[in-house]
Amino acid sequence: MSENSIDESVTPQIQLISFGFKHSKTPHANLVLDVRFLDNPYWVDGLRPLTGLDEPVQEYVLNQDLAQRTLDNLMGLIHCALPAVIAGKSNKLVVAIGCTGGQHRSTAMVEGLYKRLQDEFPGYNVIRKHSNLDVAEMKA
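Numbering (the numbering used here), first residue to last: 807 to 946.
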């Protein structure tokens, strides 16, 4: 293998990270998106104790037209960035999505993006990590 080539035996990876700005530093990532512009399920009493892993929160967040347009644009950006990242000697693209606490919006957006990426990039290892869900549980 030459110095400028990628090890083709390693499956390319897209890593998705949700996080909360008030709980942690911005993760090291190729792409970072702040989704605090979306309507916040925290302010809906029935949704507050849930997370973006729960279907009612996902529906609340992902049914927003702005959330869908954001995911569409993010997919376009990933399609542009991924070949450059791979050409730059890395088999991994990291996308971090943050909101205030990391419990609702960022988690739901990572889940929505995860589903899209699995369909679009079947040969890639798409993984997700929710950095601050344990913080939400500790405060409950």
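Heads up, the beta-carbon is just placed ideally off N, CA and C, and yes, glycines get one too.
Taking the C-beta atoms as reference points, residue 850 is found no nearer than 7 Å to residue 912. In the three-state DSSP reduction, residue 924 falls in the helix class (H, G or I).
Secondary structure note for residue 882: its alpha helix (DSSP H) is the uninterrupted segment 871 to 893. The C-alpha of residue 936 lies about 6 Å from the C-alpha of residue 823.
With at least 16 other beta carbons inside 10 angstroms of its own, residue 923 counts as buried. A direct Cα-Cα distance of roughly 30 Å separates residue 939 from residue 886.
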